Amino acid sequence: MSLTVSELPHKEQALFRAALKLYEVKQFKKGLKTCDQILKKYSSHGETLAVKGMFLAHLDRKEEAYETIKRGIEISPKSSISWHVYGIVCRFDENYEEAARCYEEALKADSENPTILRELGQLYTQLRQYQKLVEVRSRIVKIDSSTPHYWLGLAVAHQLTGRNDLALKVISTHEHILLDESSPFKANNSSYKGDVSELLMYKNWLMELNGDYQTALDNLKEVRPRVTDVTAWKEQKAKLLLKLDRKEAAASAYQDLIQRNPDSNTYICGYLSCNGLDISRPEDKDAVLEIIKGLQQQFPKSNALKFLPLTFCNGDDFVKEADKLAKFSLRKGIPSLFTSMKTLYTDKVKGETLGKLFEGYSSQLCATKRLDDSTDDESLSVSTWCMFYLAQHADYYGNYERALQLMEAAINASPDTVDLYMVKAKILKHAGDIRGARDVMDFGRQKDLNDRFINTRTVKYMLRNNEVDDAEKTIVLFVRDDAEHMIQEIVDTQTIWYMRERGHAYRRLDDIGRALKHFHQVSHSFETYHKDQYDFHTYAIRKFTIRAYIDILEWEDQVFTHPVYVDSAVAAISCYVDLHDRKAAGSPFAPISVDTSKKPMTRNGTAKSGQHNLSAGVGESKPAAVDADPNGSAFVMADNHLEKALKFVEVLERSVGSQPETHVSAFEVHLRMKKYFLALKSINSLRAIDDNHPSLVPMVVRINTALDADDSFAAPMKAALKGQLTKVFGDASIAKTIEENSKYLPFALAGAKGLICLGGDTNIAQAKGLLVQAASERYGATRTLKSLIEARDLLANVGASESERSTFAASAKKVFSLATCF
Amino acid sequence: MITIRQARASDEIAMQNCNLTNLPENYHMKYYLYHLATWPELSFVAENEQGRVVGYVLAKMNEDMTEPLDGHITSLSVMRSYRRLGIAERLMNQAQRAMFEVFDAKFVSLHVRISNIAAFSLYRNTLSFDIDHTEPKYYADGEDAYSMKKDLTALYSLEQENLDF
Numbered sequence: 007m008s009l010t011v012s013e014l015p016h017k018e019q020a021l022f023r024a025a026l027k028l029y030e031v032k033q034f035k036k037g038l039k040t041c042d043q044i045l046k047k048y049s050s051h052g053e054t055l056a057v058k059g060m061f062l063a064h065l066d067r068k069e070e071a072y073e074t075i076k077r078g079i080e081i082s083p084k085s086s087i088s089w090h091v092y093g094i095v096c097r098f099d100e101n102y103e104e105a106a107r108c109y110e111e112a113l114k115a116d117s118e119n120p121t122i123l124r125e126l127g128q129l130y131t132q133l134r135q136y137q138k139l140v141e142v143r144s145r146i147v148k149i150d151s152s153t154p155h156y157w158l159g160l161a162v163a164h165q166l167t168g169r170n171d172l173a174l175k176v177i178s179t180h181e182h183i184l185l186d187e188s189s190p191f192k193a194n195n196s197s198y199k200g201d202v203s204e205l206l207m208y209k210n211w212l213m214e215l216n217g218d219y220q221t222a223l224d225n226l227k228e229v230r231p232r233v234t235d236v237t238a239w240k241e242q243k244a245k246l247l248l249k250l251d252r253k254e255a256a257a258s259a260y261q262d263l264i265q266r267n268p269d270s271n272t273y274i275c276g277y278l279s280c281n282g283l284d285i286s287r288p289e290d291k292d293a294v295l296e297i298i299k300g301l302q303q304q305f306p307k308s309n310a311l312k313f314l315p316l317t318f319c320n321g322d323d324f325v326k327e328a329d330k331l332a333k334f335s336l337r338k339g340i341p342s343l344f345t346s347m348k349t350l351y352t353d354k355v356k357g358e359t360l361g362k363l364f365e366g367y368s369s370q371l372c373a374t375k376r377l378d379d380s381t382d383d384e385s386l387s388v389s390t391w392c393m394f395y396l397a398q399h400a401d402y403y404g405n406y407e408r409a410l411q412l413m414e415a416a417i418n419a420s421p422d423t424v425d426l427y428m429v430k431a432k433i434l435k436h437a438g439d440i441r442g443a444r445d446v447m448d449f450g451r452q453k454d455l456n457d458r459f460i461n462t463r464t465v466k467y468m469l470r471n472n473e474v475d476d477a478e479k480t481i482v483l484f485v486r487d488d489a490e491h492m493i494q495e496i497v498d499t500q501t502i503w504y505m506r507e508r509g510h511a512y513r514r515l516d517d518i519g520r521a522l523k524h525f526h527q528v529s530h531s532f533e534t535y536h537k538d539q540y541d542f543h544t545y546a547i548r549k550f551t552i553r554a555y556i557d558i559l560e561w562e563d564q565v566f567t568h569p570v571y572v573d574s575a576v577a578a579i580s581c582y583v584d585l586h587d588r589k590a591a592g593s594p595f596a597p598i599s600v601d602t603s604k605k606p607m608t609r610n611g612t613a614k615s616g617q618h619n620l621s622a623g624v625g626e627s628k629p630a631a632v633d634a635d636p637n638g639s640a641f642v643m644a645d646n647h648l649e650k651a652l653k654f655v656e657v658l659e660r661s662v663g664s665q666p667e668t669h670v671s672a673f674e675v676h677l678r679m680k681k682y683f684l685a686l687k688s689i690n691s692l693r694a695i696d697d698n699h700p701s702l703v704p705m706v707v708r709i710n711t712a713l714d715a716d717d718s719f720a721a722p723m724k725a726a727l728k729g730q731l732t733k734v735f736g737d738a739s740i741a742k743t744i745e746e747n748s749k750y751l752p753f754a755l756a757g758a759k760g761l762i763c764l765g766g767d768t769n770i771a772q773a774k775g776l777l778v779q780a781a782s783e784r785y786g787a788t789r790t791l792k793s794l795i796e797a798r799d800l801l802a803n804v805g806a807s808e809s810e811r812s813t814f815a816a817s818a819k820k821v822f823s824l825a826t827c828f
Numbered sequence: 014m015i016t017i018r019q020a021r022a023s024d025e026i027a028m029q030n031c032n033l034t035n036l037p038e039n040y041h042m043k044y045y046l047y048h049l050a051t052w053p054e055l056s057f058v059a060e061n062e063q064g065r066v067v068g069y070v071l072a073k074m075n076e077d078m079t080e081p082l083d084g085h086i087t088s089l090s091v092m093r094s095y096r097r098l099g100i101a102e103r104l105m106n107q108a109q110r111a112m113f114e115v116f117d118a119k120f121v122s123l124h125v126r127i128s129n130i131a132a133f134s135l136y137r138n139t140l141s142f143d144i145d146h147t148e149p150k151y152y153a154d155g156e157d158a159y160s161m162k163k164d165l166t167a168l169y170s171l172e173q174e175n176l177d178f
């Protein structure tokens, strides 16, 4: 019946209110019972049905929940409560678009309900519909213009739509409510001081964004007594002074900041700008060096100041500064010395100079046990760290044998220094001996079983060696003992590096099901990262941490650009494409069966220590499921592989459009789905990033071939597409592009891959020809280990003969003599 | 070499990775976000020349309203390959000062495994923390923790800002 709640008899009204209260304290079972009591007498009371549905949803009876709510809405379509409840349930299921629609409906019947408005604001923020957010928050402020987090929320909304001026206006109009001596928000409010400070700093930032630098600077002076974020205030002062070209005052401000943190590159470079100097301008070098030396005297412990001169000095100055830093670091025994210096090696001269410098130390120490400024014999460790540096130097230039010799010497001198084993392992990895690398890393791990860092490295190296079980046994050594399901714990703690590496290991083992499972787990972690922001849309504003909140929003917009996500998404797409291709070729991949000797592990759900779930409460944690699909067969047996791949493609295209892999991967899916215009779009996007990308021409040839072969595609559209391609790429040919780039292995590989996809005896033969020659001299330094391994795998997949494969292997071993993978 | 700066949202995945790599006490991303959205001034990271986060301190104010407002170090970790640069000390110094300036903290406290000699030495000797008490079985694996504490009021004082500029 479409009676509103207020039209129900007294008893039922009270029960209804009680039910809503029970929802607030998360007593879902009791709430459900209460609703049933009402429904006993009024079995088709719309609003009660809706509320009952809400309880059902939280008790994991989803289908029933939605049915019940929908029935309730059918009966009472104008009821605000019913739509609000429907919105809540959609939101709970993370269906934010649908939820927003429900909330808008709810508002129609109750347009001034602050709860509905506030929750709708959260939804619009999550959906990034900022204009709608402004509208919603404006309505809240109209109803209640004094509560600070309402007008503050409106200011934020304006800023998010790019209207800093309007944001400022809102704050200026309302700020007195908080700032006045007589403010009602002062009493009994322990966060008052902090709230005021943030409001003032936020406002000042808006002034800066609005370009009103002088106003902002004057304002900054005014508000200092009430600002508690001293660092931010000082940074703002320095920044504004510099923007106003008040160089002397700015220099003094940066001096003050450096005093507080002499290891900040930002402060140091800021200070240099105040002196009109630019670290990248050659003519400024001497002046910059002098200033840095002055700062070094004031702040002798600063690491940043020690290193900075090496980045811009040349010639004798460089040698002098490098010598100073090198000696200091060798004597102190700083393991990361080479890692720091490595950034300088892009300058060939600097790289060589450093090599000579350390060789010099090494011979001197060997002969005299001293360096040229020693007052006494140097400790033995100095010579060890010197060899350690030289080994990494040799490794950088690909001289793996020399590098390993040096590491041996260092290890002999200092067999308990774990860092030495870690780097030796890394060198072996670079040289292509992954088994050796893993052994050395594990040996180092045994030296310090309490250290998780080396455990982590060892696990990674085991996975690179495809030892999935050993890696698992090793990583669980550091998983909490009381986690009943160890592996689930690793997933739950979002150990994305491990899931990604494990996925790749399974891929190499050709266990596509398990590989996909892991790439999906990575993806799931990132989806969680993205959803995590939801509660902060209201939390941060209440807490007056506005600047941090805007920072969080900006990060979330970019979260999928993270390399671990991109890599996993690209890998997942490749797996799905592979599954599709095998099925299409008549030999579908079969999931690899479970090892039945392993017991399935279960775990009861408990709130984990350290987990701070803002919306968690009593009764909300669900028990973790037993791993229902250990070999990933659900992924393998799905009959829409390309559709599944497309989901990843969409995220990449939307969020990671600036990276070539996005479009290379997307193309594979679009082409197979015969979405030729989308495939063309991928080609154009790739070309916009790199118009000489090795994959471009093969992609063009493949789409042309596919178009020619597709009789069902309309002729005029075909002509249009092909016309566009010819206009940009001319008469594209794989052979031609390889010839034009004959010194670059990536072109040969991309060409070979393209030929393999095109198929047919001639193409395959051509591909084989290219691959067998992949380690030829003419490719020079483009013969990276990764590329040669790729060539090896392609040869195996394309059915090359034993002799072809061994010819290739022999030539690859000439390039990587220590490699065990050829 | 290494630059020390305030942590931002875009550092969170790297901080989580550093934590998962080095320590057995791990947290969900939401917990990191919670820190940054509540006490953004208190957490810091160490960044190497290649822009990678090689160390972090995740800090907060204690939330128990019955006690005076103290700072608390939730987690501190530096990648092993970046030792001997005083990174931990620098991160702690920045966090401590911020606790005092921004939140009027009088003390800062933290927990450390009784077997972790290196960390204990850092806090006790380099940073002048004292042992306040021992908490039995504080860690998930049953190990005891020292609850250590440091008085901040002796270290810092409210400076007079020069507003003549």
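As you go down the protein sequences, you meet chains W and B in turn.
To convert a position in the first sequence, counted from 1, into our numbering, add 6.
To convert a position in the second sequence, counted from 1, into our numbering, add 13.
Think of the CB as a built atom: it goes at the ideal place given N, C-alpha and C, for glycine as much as any other residue.
Keep in mind it's a predicted model, so treat the numbers as computed, not measured.
Minimum C-alpha distance to residue i - residue among the options
i	options	result
PHE394 of chain W	W:ALA415, W:LYS375, W:ASN405	W:ALA415
LYS43 of chain B	W:ILE579, W:ILE558, W:ASP476	W:ILE558
ARG548 of chain W	W:GLU118, W:ALA738, W:PHE683, W:THR153	W:THR153
LEU123 of chain W	W:VAL147, W:SER389, W:TYR102, W:LEU133	W:VAL147
GLN33 of chain W	W:LEU45, W:MET60, W:PRO83, W:TYR48	W:MET60
ILE740 of chain W	W:ASP767, W:ALA726, W:GLN772	W:GLN772
ALA554 of chain W	W:TRP211, W:ILE94, W:ALA328	W:TRP211
ASN75 of chain B	B:VAL67, B:MET92, B:THR51, B:GLU156	B:THR51
VAL642 of chain W	W:PRO666, W:SER599, W:HIS669	W:SER599
THR10 of chain W	W:ARG506, W:LYS35, W:LYS84	W:LYS84
GLY760 of chain W	W:LEU677, W:SER809, W:LYS687, W:ARG169	W:LEU677
ASP737 of chain W	W:VAL703, W:ALA758, W:ASN281	W:VAL703
Cα-Cα separation between residue i and residue j, rounded to whole angstroms
i	j	result
TYR219 of chain W	GLY159 of chain W	24 Å
ASN39 of chain B	ALA578 of chain W	27 Å
ASN225 of chain W	LEU55 of chain B	25 Å
LEU791 of chain W	ILE433 of chain W	12 Å
ALA622 of chain W	ASP66 of chain W	Any answer about ALA622 of chain W is weak, because its pLDDT of 30 lies below 50 and its placement is not dependable; what the coordinates show is given next. Roughly 16 Å separates the two Cα atoms.
ASN747 of chain W	ARG107 of chain W	55 Å
GLN132 of chain W	GLU533 of chain W	13 Å
GLU70 of chain W	TYR29 of chain W	18 Å
PRO120 of chain W	GLY127 of chain W	10 Å
SER23 of chain B	TRP561 of chain W	5 Å
MET112 of chain B	HIS543 of chain W	25 Å
ALA818 of chain W	VAL572 of chain W	30 Å
SER627 of chain W	CYS96 of chain W	Low confidence applies here, because SER627 of chain W scores a pLDDT of 37, under 50, leaving its location unreliable; read the following figure in that light. Cα to Cα, SER627 of chain W sits roughly 19 Å from CYS96 of chain W.
ASN418 of chain W	ASP799 of chain W	38 Å
TYR48 of chain W	GLU13 of chain W	12 Å
GLU156 of chain B	TYR95 of chain B	27 Å
Sheet register partners of residue i (DSSP bridge)
i	result
SER88 of chain B	B:LEU71
THR16 of chain B	B:GLU60
PHE120 of chain B	B:ASP164
TYR159 of chain B	B:VAL125, B:THR147
VAL66 of chain B	B:GLU60
Residue ranges of each alpha helix (DSSP H) within the stretch 457 to 507 of chain W, 4 or longer: 458 to 470, 474 to 481, 492 to 498, all fully within the stretch 457 to 507 of chain W.
Members of the stretch 564 to 591 of chain W that neighbour chain B once the beta carbon cut-off is set at 7 Å: Cβ contacts with chain B come from HIS568.
Residues within the stretch 151 to 170 of chain B neighbouring chain W, beta-carbon criterion of under 7 Å: Across the stretch 151 to 170 of chain B, CB contacts with chain W closer than 7 Å involve ALA153, ASP154, in sequence order along the chain.
Chain W contacts from the stretch 102 to 115 of chain B (Cβ-Cβ distance under 9 Å): Those residues of the stretch 102 to 115 of chain B that come within reach of chain W (Cβ to Cβ, closer than 9 Å) are ARG103, ASN106, GLN107, ARG110, ALA111, GLU114, VAL115.
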